[in-house]
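Here is the structure we will look at.
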Amino acid sequence: REAQTQGLNFILQSKYRVQGLAAPTGSGKTGLALALGVINARKSKRTLILTETKGLQAIYAAEGAQMQRGLVANISGAGNYDCHALELGGRYDYLTVSRGGRTKCDQGPCNAGLQCKLRDMGCTFYGSDGALQRARDASIVITNYANWFSAADQSMKEEKFGEFDTIICDEGDKSADVLCNSLSIELDLRDVAHLKKATGTQTIEQWIGWCRQLLPSVESELADYQAEVKSIKASGGQLPATLLADLRTAQ
């Protein structure tokens, strides 16, 4: 399409580090972004494509699936992948109840410090043939803003996905809102009423002060849980499901 060619030339010929491109629906932005990724790949450069919604991410993934095998990887959060260790018959299936019946990788026992052989091979997310490794190996990676922002800092992003030479933000005007949402905690009126009663506070300032006073004890409790898990693992014992549930809550 002519619009795609114009947009691609505009980006490639730009001397600026950041470029904004406004184009209407149906103008071929998906193809343009993937084409830019292919051009980068030929120069041994990596491209990250971010979308606001999983629906839009799926559209990119569908087009990327038609390209050279291994060139494009589509990845979502760990909560979208099955944890074989927690499934019925898995090594840690007895922990499934403590995780509300969920058997996804974000609830996997490895996240609580347990050793899992599937982590190296066989895990749908963390394994050597899992979604995370495929993303690290790919020249073009497709994911959503929420998954990208889930890493606390840039070093965690690089460890998780690898480094990128180009980042394409589809519907970039929505990225600030998604970032704010990822850094916020929503409290409804019932939560506020419970907190006021439990902490004896009446204002936000008082509640913040209460949180700061409580933080050292929470950190100490978390350290105790982690030490107990380490001790049980060292002795070859089986971790109680209740302990892992408490550790997950503390984290």
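Reading the sequence shown from the start, the letters are residues 481 to 731 in the working numbering.
C-beta: ideal position from N, C-alpha, C; glycine also.
Where does residue i sit, in a helix, a strand or coil, going by DSSP?
| i | result |
| --- | --- |
| Ala553 | strand |
| Thr583 | coil |
| Cys596 | coil |
| Thr510 | helix |
| Ile519 | helix |
| Val672 | helix |
| Asp535 | Here residue 535 turns out to be Gly, not Asp, going by the sequence shown. Helix. |
| Ser664 | coil |
| Ser655 | helix |
| Phe605 | coil |
| Gly544 | helix |
Could you spell out where the alpha helix (DSSP H) holding residue i opens and where it closes?
| i | result |
| --- | --- |
| Ile491 | 482-492 |
| Asn560 | Premise fails: Asn560 is in no alpha helix (DSSP H) and is neither H nor E. |
| Leu695 | 684-714 |
| Asp617 | 611-617 |
Alpha carbon to alpha carbon, how far is residue i from residue j?
| i | j | result |
| --- | --- | --- |
| Thr646 | Phe490 | 15 angstroms |
| Ser578 | Ala631 | In this prediction, Ser578 scores a pLDDT of 49, lower than 50, which makes its location untrustworthy; no coordinate-derived value is stated. |
| Val672 | Ser619 | 46 angstroms |
| Thr648 | Arg614 | For clarity, residue 648 is Ile in the given sequence; the question names Thr instead. Going by the C-alpha atoms only, they are around 19 angstroms apart. |
| Asn560 | Gly500 | 31 angstroms |
| Ile665 | Arg692 | 17 angstroms |
| Gln587 | Asp600 | 17 angstroms |
| Gly517 | Phe644 | 11 angstroms |
| Gly652 | Ser494 | 18 angstroms |
| Thr681 | Leu669 | 15 angstroms |
| Leu532 | Phe605 | Reading off the sequence shown, one finds Glu at residue 532, where the question assumed Leu. Their Cα atoms are separated by approximately 21 angstroms. |
| Ala656 | Tyr496 | 21 angstroms |
| His674 | Glu543 | 49 angstroms |
| Leu612 | Asp573 | 23 angstroms |
| Asp702 | Val552 | The sequence given here has Leu at residue 702, not Asp. The alpha-carbon atoms of Leu702 and Val552 are separated by roughly 39 angstroms. |
| Lys584 | Ser556 | 12 angstroms |
Please classify residue i: is it buried, with 16 or more other beta-carbons within 10 angstroms of its beta-carbon, or exposed?
| i | result |
| --- | --- |
| Glu482 | exposed |
| Gly550 | exposed |
| Arg526 | buried |
| Ile529 | buried |
| Thr739 | The chain is shown from 481 up to 731; residue 739 falls before or after that span and cannot be answered. |
| Val698 | exposed |
| Asp609 | exposed |
| Gln537 | buried |
| Val498 | exposed |
| Asp704 | exposed |
Over the uninterrupted beta strand (DSSP E) stretch that includes residue i, give me the two end residues.
| i | result |
| --- | --- |
| Ile647 | 646-649 |
| Leu530 | 527-531 |
| Ile620 | 620-624 |
Rank the options by C-alpha distance to the C-alpha of residue i and give the top, closest one.
| i | options | result |
| --- | --- | --- |
| Cys715 | Ala673, Val658, Leu594, Cys649 | Inspection of the sequence shows that residue 715 is occupied by Ser rather than by Cys. The option with the nearest alpha carbon to Ser715 is Leu594. |
| Gln484 | Ile622, Leu512, Arg670, Glu699 | Leu512 |
| Gly506 | Ala626, Ser655, Ile539 | Ile539 |
| Lys509 | Leu528, Ile519, Leu488, His564 | Leu488 |
| Cys660 | Gly535, Leu675, Gly642, Ala626 | Ala626 |
| Val709 | Ser556, Leu566, Pro589 | Pro589 |
| Gly602 | Ala592, Gly557, Asp562 | Asp562 |
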